[in-house]
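Here's the structure we're looking at; comments come further down.
2 protein chains.
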Amino acid sequence: MEFSEAEVIAELSKIFTRHDSRVLVGIGDDAAVVTSPLQKTVITTDMAVEGVHFRREWSTPDEIGQKITAANLADVYAMGATPEHLVVAISLTGHESMVWIKELARGIEMEARSCDVLVVGGDIVRGPVITISMTAIGQIDKPILRLGAKVGDRIVISNLPGWSAAGLFLLLHNINVSALSPARCVERALAQFRAPSVPYSDAIELRNAHSMCDVSDGLLIQAEQMATKTRFVLNSDLIRLHPDFADLTGLAAQVGADVWDWIAAGGEDHAFLATGVDLPGFEIGQVVPGTGVELQGVAKKPQGFHHFT
Amino acid sequence: MEFSEAEVIAELSKIFTRHDSRVLVGIGDDAAVVTSPLQKTVITTDMAVEGVHFRREWSTPDEIGQKITAANLADVYAMGATPEHLVVAISLTGHESMVWIKELARGIEMEARSCDVLVVGGDIVRGPVITISMTAIGQIDKPILRLGAKVGDRIVISNLPGWSAAGLFLLLHNINVSALSPARCVERALAQFRAPSVPYSDAIELRNAHSMCDVSDGLLIQAEQMATKTRFVLNSDLIRLHPDFADLTGLAAQVGADVWDWIAAGGEDHAFLATGVDLPGFEIGQVVPGTGVELQGVAKKPQGFHHFT
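Those protein sequences? They're chains A and B, same order as listed.
Take 16 as the starting number for the first sequence in this note's numbering and just add one per residue.
Take 16 as the starting number for the second sequence in this note's numbering and just add one per residue.
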């Protein structure tokens, strides 16, 4: 494809312009927020394709279900909302066993249950590749937008991203993980890639943030999406102080990877990046006048793995 | 696959059982209906896969977009609900042109606009085949269930199904349509297959029905889904009186097809099948004690084309 996802979305946004007063937040944020006469409902959708977003040889079906559900629900929490309902559409090739399908469903159900979310419908079709599409619907009081940052805000992150990128790196490069130490770091990386544990409760604690985003497309990329009206200065010295930094750096060193590629550009790492005052979370920078993102103290531009490039 | 869609849904329903008082209608109907403290929201999702549900050589992108949207919105109306919002997830192969993608979006937008529905979000991913998944969310007062039929109800249909099945037949069998007459019937069949005109307003007029369903999986199959607590007797003599019957029969005769395969077993024909008293629509039968469906006056069991068999 000769154009980026952002270009496609920009084009489509020109077509889907009829956003009247019912739409508080439309295309372009983590989720849509719509009013109705008496309340606000949040809606978000995600699609995952076998071979692109998951591989059956790398993940069990319940891990696949859990991971896709987590990604969908994280978007709802990133809005400051509470997910309530989920619908799931899936295309199957016809070669899956019922056991596989049920395990996939159990993974979905397990993750949904952890957030008290109900799967209320779906669609099953035939297709040449397994594709899973989910839509989460929830309730919301005050949306926390990506573009709500104010000059002077502290920038905080709920947890250190990079573990899922590390796990993907190990799998992609067929690394003999038994030669790596400590084992708990290897296990954490692989587990975070296969079935991430999303810090949903941290997102709830960040509800007085001025802006918030789930950085699942990569920390820098998503910070850039938040920094079009203000400038985000991220301080690598602060990030280095995170309790997980040494573990992740140690793992990266053993496999010849740049830990900043994992932390700053890794995808599928769920962490809530927020700005505001008196926020919980780990401080990594500050919002200043200007636009764009600066990662101070890292010479080489971090490189990520992205589906759509 | 060694099992049917119904079997898969039955299995999944056992896993997704946490339907508390918030869920008025869960898995198994046209759409889910959920309460929230102050209102009822309707949610439904559909997925369509290239080569299975649409072919780029048969349909323009705007026809594809329109058709998939129509199918999704028809499910909302079939619940007695009013759709309000739509989210769309799509996987693209990377070989589509921006023009193609935009035309697809315009088709979606056109159909959504015809129902005053807003596209409020979506997801775009890479995949080996074009897959489009939609979720419609709407408002609802009193859900009209598939299983609400009462003994003594009249069975009505909003329009004669079979035109889309006829169009698919012409395309699947590479029929030289210029040899068929009248041309308006050929055009109607092809148009109804490519971009169906769904009688949404008829569904609104049927809101005092006891039960209702969009028969897009085939009239008999969907009537069977409605007839597990009562028996549906469909009278072919009544159906033969429909003003469209002669046209459709004439087309079938010219191509060696059985018109009852199209009317009673054709898929992707959008018509609202409802039961009740004093209903508008075309009467085709009656609800009696017992269970199951009987199509009186048609000797050969109608055969349909179904994706999942």
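Every residue gets a Cβ at the ideal spot worked out from N, C-alpha and C, and that includes glycine.
Given the structure is predicted, the values throughout are model-derived calculations rather than measurements.
CA nearest to the CA of valine 230 of chain A, picked from A:Gln81, A:Pro214, A:Asp273, A:Gln269: Taking the first residue of the first sequence as position 1, residue 230 of chain A is located at position 215. For valine 230 of chain A, the nearest C-alpha among the options comes from A:Pro214.
Any C-beta of chain B sitting closer than 8 Å to the C-beta of aspartate 2 of chain A? Outside the shown range of chain A, which is 16 to 324, sits residue 2 of chain A, and nothing can be said about it.
So, using beta-carbon positions, are glycine 11 of chain A and leucine 205 of chain A closer together than 8 Å? Given that chain A is displayed from residue 16 to residue 324, the structure contains no residue 11 of chain A and the question cannot be resolved.
Aspartate 259 of chain B CB to nearest chain A CB: under 8 Å? The residue labelled residue 259 of chain B in the question sits at position 244 within the second sequence. No, its Cβ sits nowhere closer than 8 Å to a Cβ of chain A.
C-beta neighbour in chain A for proline 143 of chain B, strict 8 Å: If you number the second sequence from 1, residue 143 of chain B lands on position 128. Closer than 8 Å to some Cβ of chain A, the Cβ of proline 143 of chain B qualifies, so yes.
The beta strand (DSSP E) spanning asparagine 250 of chain B covers which residue range? As a first step, residue 250 of chain B must be located in the second sequence, where it is residue number 235. Asparagine 250 of chain B -> beta strand (DSSP E) spans 246-250.
To which residues does DSSP link glutamate 298 of chain A through a beta bridge? Translated into positions along the first sequence, residue 298 of chain A becomes position 283. Answer is A:Val171, bridged to glutamate 298 of chain A.
Residues, ordered as in the chain, of the segment 76-100 of chain A that lie near chain B by beta-carbon distance below 8 Å: Glu99, His100
Could you pull the DSSP bridge partners for glutamate 309 of chain A from this structure? On the first sequence, position 294 is the one that residue 309 of chain A refers to. For glutamate 309 of chain A, which the question treats as bridged, DSSP gives the partners A:Val248.
For a quick check, are the C-beta atoms of methionine 125 of chain B and aspartate 77 of chain B less than 8 Å apart? Indexing the second sequence from 1 puts residue 125 of chain B at position 110. Indexing the second sequence from 1 puts residue 77 of chain B at position 62. Yes, Cβ-Cβ distance for methionine 125 of chain B and aspartate 77 of chain B is below 8 Å.
Expressed to the nearest angstrom, what Euclidean distance is found between the alpha-carbon atoms of alanine 86 of chain B and alanine 218 of chain A? For the purposes of this step, residue 86 of chain B is identified with residue 71 of the second sequence, where counting begins at 1. For the purposes of this step, residue 218 of chain A is identified with residue 203 of the first sequence, where counting begins at 1. Distance between the alpha carbons of alanine 86 of chain B and alanine 218 of chain A is about 36 Å.
Let me see if you follow: with CB-CB separation under 8 Å, is glycine 233 of chain B close to chain A or not? By one-based count along the second sequence, residue 233 of chain B stands at place 218. So no, glycine 233 of chain B is outside the interface.
Taking DSSP as the reference, what is the three-state secondary structure of serine 196 of chain A? Numbered from its first residue, the first sequence carries residue 196 of chain A at position 181. Note: serine 196 of chain A maps to coil in three-state DSSP.
Glutamine 154 of chain B by DSSP, collapsed to three states: which one? On the second sequence, residue 154 of chain B is found 139 positions in, with the first residue counted as 1. If DSSP states are grouped into helix, strand and coil, glutamine 154 of chain B belongs with the strands.
Check the Cβ-Cβ distances between glycine 5 of chain B and every residue of chain A, and say whether any is below 8 Å. Because chain B here runs from 16 to 324, residue 5 of chain B falls outside it and cannot be looked at.
Using the C-alpha atoms, what's the distance from serine 226 of chain B back to serine 106 of chain A? On the first sequence, position 91 is the one that residue 106 of chain A refers to. On the second sequence, position 211 is the one that residue 226 of chain B refers to. Computed Cα separation, rounded: 29 Å.
Can you name, in chain order, every residue of its own chain whose Cβ lies under 8 Å from the Cβ of proline 52 of chain A, other than the five neighbours on each side? As a working note, residue 52 of chain A is residue 37 in the first sequence. Bear in mind that the predicted position of proline 52 of chain A carries a pLDDT of just 48, short of 50, making it too unreliable to give a figure here.
Would you grab the beta carbon distance between alanine 180 of chain B and aspartate 284 of chain B for me? Rounded to a whole angstrom, and I think it's under 8 Å. Indexing the second sequence from 1 puts residue 180 of chain B at position 165. Indexing the second sequence from 1 puts residue 284 of chain B at position 269. That belief holds up - the Cβ atoms of alanine 180 of chain B and aspartate 284 of chain B are roughly 6 Å apart, short of 8 Å.
Along the beta strand (DSSP E) that carries isoleucine 139 of chain B, what are the first and last residues, could you check? Taking the second sequence and counting its residues from 1, one reaches residue 139 of chain B at position 124. Segment 133-141, the beta strand (DSSP E) holding isoleucine 139 of chain B.
Three-way DSSP call (helix, strand, coil) for methionine 149 of chain B in this model: Counting from one through the second sequence, the residue named residue 149 of chain B turns up at place 134. Methionine 149 of chain B: strand per DSSP, three-state reduction.
Pick out the complete beta strand (DSSP E) segments inside the segment 177-228 of chain A, 3 residues or longer, and give them in chain order. none
Give me the residue from A:Thr59, A:Cys228, A:Arg209 with the minimum Cα distance to valine 102 of chain A. Here residue 102 of chain A is taken as the residue at index 87 of the first sequence, counted from 1. Cα-wise, what sits closest to valine 102 of chain A is A:Thr59.
DSSP state of serine 129 of chain A, grouped into three classes? As a working mapping, residue 129 of chain A is identified with position 114 in the first sequence. The answer is helix: DSSP assigns serine 129 of chain A an H, G or I state.
Say whether the segment 239-248 of chain A touches the segment 159-173 of chain A, bearing in mind that this needs 3 or more beta-carbon pairs closer than 8 Å, one atom from each stretch. yes
Measuring only the C-alpha atoms, how far is glycine 281 of chain B from lysine 117 of chain A? Counting from 1 along the second sequence, the entry for residue 281 of chain B is found at position 266. Counting from 1 along the first sequence, the entry for residue 117 of chain A is found at position 102. Glycine 281 of chain B and lysine 117 of chain A: Cα-Cα distance of roughly 30 Å.
Contact with chain A by isoleucine 58 of chain B, beta-carbon distance below 8 Å: Locating residue 58 of chain B in the second sequence gives position 43, where the first residue counts as 1. Interface residue, yes.
In angstroms with no decimal places, state the Cα-to-Cα distance between glutamate 72 of chain B and proline 143 of chain B. In the second sequence, residue 72 of chain B corresponds to position 57, counting from 1. In the second sequence, residue 143 of chain B corresponds to position 128, counting from 1. Approximately 17 Å, taken between the alpha carbons.
Using a C-beta to C-beta distance shorter than 9 Å, which residues of chain B count as neighbours of aspartate 61 of chain A? As a working note, residue 61 of chain A is residue 46 in the first sequence. Residues of chain B passing the Cβ test: Ala104, Asp138, Val140.
Please list, in chain order, all residues of the same chain as alanine 267 of chain B whose beta carbon is under 6 Å from its beta carbon, the five residues on each side excluded. Within the second sequence, the letter at position 252 stands for residue 267 of chain B. Same-chain partners within the cutoff: Val274.
Below 7 Å on C-beta distance, what does threonine 146 of chain A contact in chain B? The residue you call residue 146 of chain A lines up with position 131 of the first sequence. The answer, in chain order, is Ser106, Gly142, Thr146.
So which residues of chain B does glycine 66 of chain A contact, with C-beta pairs closer than 9 Å? What you label residue 66 of chain A is simply residue 51 of the first sequence in a count that begins at 1. Contact note: glycine 66 of chain A reaches chain B through Gly142, Pro143, using a C-beta cutoff of 9 Å and chain order.
With a cut-off of 8 Å, does the C-beta of valine 135 of chain B fall near any C-beta of chain A? Position 120 of the second sequence, counted from the start, is the residue given in the question as residue 135 of chain B. Yes, because at least one Cβ of chain A sits closer than 8 Å to the Cβ of valine 135 of chain B.
Counted within 10 angstroms of its Cβ, other Cβ atoms place serine 216 of chain A as buried (16 or more) or exposed: Locating residue 216 of chain A in the first sequence gives position 201, where the first residue counts as 1. Classification for serine 216 of chain A: exposed.
With 8 Å set as the bound, which would you pick, yes or no: does the beta-carbon of isoleucine 152 of chain A sit closer than that to a beta-carbon of chain B? What you label residue 152 of chain A is simply residue 137 of the first sequence in a count that begins at 1. Cβ-Cβ to chain B under 8 Å: yes for isoleucine 152 of chain A.
Between valine 166 of chain A and the rest of its own chain, which residues show a CB-CB distance below 7 Å, the 5 nearest in sequence each way excluded? What you label residue 166 of chain A is simply residue 151 of the first sequence in a count that begins at 1. Cβ neighbours of valine 166 of chain A beyond the five flanking positions: Thr245, Val302, Val303, Pro304.
If distances are taken between C-alpha atoms only, which option among A:Ser251, A:Ala272, A:Cys130 comes closest to histidine 188 of chain A? Stepping through the first sequence from its first residue, residue 188 of chain A is reached at position 173. For histidine 188 of chain A, the nearest C-alpha among the options comes from A:Ala272.
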